[in-house]
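Notes follow the structure.
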Amino acid sequence: MTTLYLGNLNYSSWSIRAVLVARAAGLDIKEVVLPLGPQETVDTLMEATGQHRVPVLVTDSVVIHDSMAITEWIAEQVEPGKVWPLDPDKRALARSICAEMHASFIDLRSDMGVDIRHRHATPTMTPGLKWDIDRVLEIWDMCRSRYQADGPFLFGEWSAADAVFMPVATRFQTYGIDLNPVSQAYSDAILDHPLSKELIAQAHAETWEIDLTRFRPKSAD
Ligand SMILES: N[C@@H](CCC(=O)N[C@@H](CS)C(=O)NCC(=O)O)C(=O)O
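In this text, residue positions in the sequence shown follow the working numbering: the first is 81, and each later residue adds one.
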């Protein structure tokens, strides 16, 4: 039995990424969604996985506690092309932009926390936040201009890169960020994908509430 432990799908961007990849792969993986915040969640996670963060994938032989490592494990279980693009150049670029998302965009993450079912005022456009947003749009524009002929997603067909940037598209909606036509078209395509629609519906059905302002630095209040 393989189990994927996740945080609230309305709020947990790393959980969203892992579960989208897991569902796209179509593996038999049990999903356990836990509300982030309560001590009970930490206790449950620690007992089941030895980790206090989500997502965590527990297989019969290993505990994988990072969204990108989970993505790679899933990719190895299915035929090539199902998770990462089949083309080596696309695959290398997809991994590059996913690694960049994973390692950077601190202002975007802290000023525009994922909150799929609510709408918030656009935050103050600090230089750091503006840089992060511009960089996301630059990545999207670059991929779309290269691979437009292959389909509507970053590398034409849907891939893990779209799972990684899906919670960025929801952030732009939640915080009313204006997009250029190319980025808007990509955002529409990724949010309209059946896997995204299913996840967005789940986020709307959740009843747990988290006050996102508690994650922001005092100066941003
Ligand atoms: N680098 C990790 C990040 C995991 C992470 O920060 N998860 C957040 C939720 S999105 C979490 O578990 N927060 C609860 C905590 O830090 O206790 C990954 O990619 O999986």
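We treat Cβ as the ideally placed atom computed from N, Cα and C, and that holds for glycine.
Got a sec: does ligand 1 put a non-hydrogen atom nearer than 7 Å to the Cβ of M181? If you number the sequence shown from 1, residue 181 lands on position 101. Flag unset: Cβ of M181 not near ligand 1.
CA-CA distance, D123 and T129? Position 43 of the sequence shown holds residue 123. Position 49 of the sequence shown holds residue 129. The straight-line gap from Cα to Cα measures roughly 10 Å.
Between the CA atoms of T82 and F245 - distance to the nearest angstrom: Reading the sequence shown from its first residue, position 165 is the one you call residue 245. Reading the sequence shown from its first residue, position 2 is the one you call residue 82. Cα to Cα, F245 sits roughly 25 Å from T82.
Straight-line Cα distance separating F252 from K210: The residue given as residue 210 occupies position 130 in the sequence shown. The residue given as residue 252 occupies position 172 in the sequence shown. Answer to the nearest angstrom: the Cα atoms are 12 Å apart.
Reference S276; option with closest CA among L86, I196 and L173: Residue mapping note: residue 276 aligns to position 196 of the sequence shown, counting from 1. The candidate whose alpha carbon is nearest that of S276 is I196.
Status (buried if at least 16 other CB within 10 Å, exposed otherwise) for K170: Position 90 of the sequence shown, counting from 1, holds the residue named residue 170. Classification for K170: buried.
Simplified DSSP state of T139, which is helix, strand or coil: Mapped onto the sequence shown, residue 139 falls at position 59. Correct three-state label for T139: coil.
Could you have a look at V163 and say whether DSSP puts it in helix, strand or coil? In the sequence shown, residue 163 corresponds to position 83, counting from 1. Coil, per DSSP.
Any contact between the region 91-102 and the region 142-158? By contact I mean 3 or more CB pairs, one from each, below 8 Å. Judged by Cβ distances under 8 Å, the region 91-102 makes contact with the region 142-158, as three or more pairs qualify.
Roughly how many whole angstroms lie between the Cα atoms of A104 and E237? Residue 104 sits at position 24 when you count from the first residue of the sequence shown. Residue 237 sits at position 157 when you count from the first residue of the sequence shown. Between A104 and E237, the C-alpha separation is close to 12 Å.
At the level of alpha carbons, what is the spacing between L279 and T206? What you label residue 279 is simply residue 199 of the sequence shown in a count that begins at 1. What you label residue 206 is simply residue 126 of the sequence shown in a count that begins at 1. Approximately 30 Å between the Cα atoms of the pair.
Excluding the five sequence neighbours on either side, which residues of its own chain have a C-beta within less than 8 Å of the C-beta of T202, listed in chain order? Reading the sequence shown from its first residue, position 122 is the one you call residue 202. Hits under 8 Å: Y255, G256 and I257.
Return the first residue and the last residue of the alpha helix (DSSP H) that G208 is part of. Indexing the sequence shown from 1 puts residue 208 at position 128. P207 to Y227 is the span of the alpha helix (DSSP H), which, as asked, contains G208.
Output the distance between the C-alpha atoms of E159 and H273, rounded to the nearest integer angstrom. For this step, residue 159 is matched to residue 79 along the sequence shown. For this step, residue 273 is matched to residue 193 along the sequence shown. One alpha carbon belongs to E159, the other to H273, and they sit about 21 Å apart.
Counted within 10 angstroms of its Cβ, other Cβ atoms place V142 as buried (16 or more) or exposed: Within the sequence shown, the letter at position 62 stands for residue 142. Flag for V142 reads exposed.
Quick check: the Cα distance between Y227 and I109, rounded to an integer number of angstroms? Residue mapping note: residue 227 aligns to position 147 of the sequence shown, counting from 1. Residue mapping note: residue 109 aligns to position 29 of the sequence shown, counting from 1. Distance between the alpha carbons of Y227 and I109 is about 31 Å.
Report the rounded CA-to-CA distance for I290 versus R199, giving the unit in angstroms. Taking the sequence shown and counting its residues from 1, the one referred to as residue 290 is at position 210. Taking the sequence shown and counting its residues from 1, the one referred to as residue 199 is at position 119. Their Cα atoms are separated by approximately 14 Å.
I'd like the span of the alpha helix (DSSP H) that includes E180, first residue to last. Taking the first residue of the sequence shown as 1, we reach residue 180 at position 100. Unbroken alpha helix (DSSP H) run through E180: P168 to A183.
Where S299 falls, given that 16 or more other Cβ within 10 Å makes a residue buried: In the sequence shown, counting from the first residue as 1, residue 299 sits at position 219. Residue confidence for S299 is low, a pLDDT of 40 falling below 50, so the modelled location carries little weight and cannot support an answer.
In whole angstroms, give me the CA-to-CA distance for V262 and E120. Translated into positions along the sequence shown, residue 262 becomes position 182. Translated into positions along the sequence shown, residue 120 becomes position 40. So the alpha carbons of these two residues sit roughly 44 Å apart.
Relative to ligand 1, is the shortest distance from any of its heavy atoms to the C-beta of S95 smaller than 7 Å? Within the sequence shown, numbered from 1, the residue matching residue 95 stands at position 15. The answer is yes for S95.
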